[in-house]
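The structure appears below as structure tokens.
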Amino acid sequence: MEKAYKLEFANEQIQGLAVSCCGCSKTEPLHSFGPALKPHFLIHYVLSGKGRFSVRNQEYSLEAGSGFLIEPGELVFYQSDEQEPWTYVWVGFGGSQAGEYVRKMGLSGMHPVFCSNRREELYACVRNMMEHNTSGVANDLRRNGELAIFLSLIAAESQGKETEDADKANAYVKKAVNFIQSNYCNPIKVTDVADFVCVNRSYLYTLFEHSLGMPPQKFLSAYRITKAAELLQTTEIPIESIALSCGYNDALVFTKAFKQTKGISPSRYRKEFRESGSRHKKEHLLQIEDFIRQIGKKEE
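Quick note on numbering that gives the first Met the number 0: the sequence shown kicks off at 0 and runs consecutively.
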């Protein structure tokens with residue numbers, strides 16, 4: 000059972016954003032909805048108490064200050080807590096721009112849950128929608144205006160959190176990359192990088208995949224091979240010494256890793272680079288000589 004005050008509107012507007020329904024519910028313990036679906040977007044925001052929300056085989060535990068999105072046609076289930084049943088407000092909406100705004104807010108069936116500390120303001124928006132409950136241009140505009148404010152309040156905090164999380168993630172990646180660049184010459188492992196950054200290995204993997212498009216192990220290996228190739232091009236250091244200088248204790252392991260990345264062995268790479276460099280120098284000299292001859296002919 001639940002004590003609910005709700006309004007539904009015969010909304011003919013198909014452009015922009017428009018309120019389809021809104022309401023406020025104080026539920027009884029274990030009150031539930033579903034599994035069922037809705038024909039429009041629907042956002043619930045928890046004012047007090049607790050509950051759970053399930054969608055796409057994922058279950059989320061929610062409490063005051065959090066909320067969830069239901070997309071049109073999405074099969075969902077939600078239920079209030081047995082000990083602390085929740086009270087929530089909800090807003091259903093549609094329109095040609097509804098999906099775009101929801102996406103820009105970072106919400107979807109894959110990421111349906113959000114948090115907001117703007118409880119009083121969000122409640123006030125829904126209350127104002129319900130107060131302007133009759134048909135007419137003025138009330139339609141007021142309800143839809145309150146909807147825009149309601150979504151903006153949620154978006155402001157979710158985007159702020161996303162920015163904060165992104166900044167933190169970028170800081171972790173930058174710190175990890177600096178550590179690798181400073182210590183690639185030592186036999187470090189990904190666990191050493193993770194320990195230095197103070198995150199677990201799986202999270203470091205996620206950060207590197209998202210920021211650099213590759214796991215940290217691949218980045219470490221690629222950086223070592225790049226530095227090794229540089230030494231092969233510019234020095235006469237033996238390959239065994241280059242391996243040690245780039246964090247490989249075993250020259251055979253280094254050779255295998257180098258060949259896997261560059262397609263040829265370190266010794267072959269050095270030889271081809273020298274031959275290529277010599278050929279380019281000769282070609283450059285021939286171009287200069289030809290240019291001088293052409294200038295000489297013009298002077299004749």
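Note that beta-carbon positions come from the ideal geometry of N, C-alpha and C, so glycine has one too.
Cutoff 8 Å; reference residue i; Cβ partners in own chain excluding five residues on either side
i	result
Ser-266	Ile-238
Glu-208	Pro-214
7 Å Cβ shell around residue i - same chain, five flanking residues per side excluded
i	result
Val-198	Tyr-171
Ala-17	Asn-10, Phe-92, Gly-93, Gly-94, Asn-143
Gln-96	Gly-15, Leu-16
Glu-83	Gly-48, Lys-49
Ala-250	Ile-238, Glu-239, Ala-242
The ligand MN heavy atom lying under 8 Å from the CB of residue i
i	result
Arg-200	Of ligands this structure carries none, so the ligand MN is not represented either.
CB-CB length for residue i against residue j, believed under 8 Å
i	j	result
Leu-150	Tyr-87	Between Tyr-87 and Leu-150 the Cβ distance is about 16 Å, and since that is not below 8 Å, they are no contact.
Thr-26	Trp-89	Not confirmed; about 12 Å, so no contact.
Cys-245	Ala-227	5 Å
Arg-117	Glu-156	7 Å
Residue from the options whose Cα sits closest to the Cα of residue i
i	options	result
Ala-35	Pro-28, Tyr-77, Ile-42, Leu-29	Tyr-77
Gln-180	Arg-273, Gly-212, Lys-188, Arg-223	Arg-223
Gly-15	Gly-66, Gly-98, Asp-80	Gly-98
Gln-216	Ala-228, Arg-102, Leu-203	Leu-203
Glu-145	Ser-134, Met-129, Ala-155, Pro-71	Met-129
Cys-114	His-131, Phe-40, Leu-46	Leu-46
Phe-32	Cys-21, Leu-74, Cys-20	Leu-74
Arg-273	Glu-235, Phe-253, Asp-249, Cys-245	Glu-235
Ser-264	Glu-119, Ser-240, Leu-231	Leu-231
Tyr-183	His-39, Tyr-247, Arg-200	Tyr-247
His-39	Ile-69, Thr-205, Ser-240	Ile-69
Tyr-59	Asp-139, Gly-108, Gly-262	Gly-108
Cys-20	Ser-210, Leu-61, Thr-133, Arg-117	Thr-133
Residues of its chain near residue i, where Cβ-Cβ distance is below 6 Å and the 5 sequence neighbours each way are ignored
i	result
Ile-148	Cys-124
Thr-260	Ile-224
Phe-67	His-43, Phe-52, Pro-111, Val-112
Any C-beta of chain D under 9 Å from that of residue i
i	result
Gln-96	This model lacks chain D altogether; it includes just one protein chain.
Counterpart residues of residue i in DSSP-defined beta bridges
i	result
Phe-40	Phe-92
Lys-49	Glu-62, Pro-84
Open item on the list: Quick check for students: name the residue ranges of the alpha helix (DSSP H) that lie wholly in the stretch 174-247, counting only runs of 4 or more.
Closed with: Here the runs fully enclosed are 189-196, 200-211, 215-233, 238-244.
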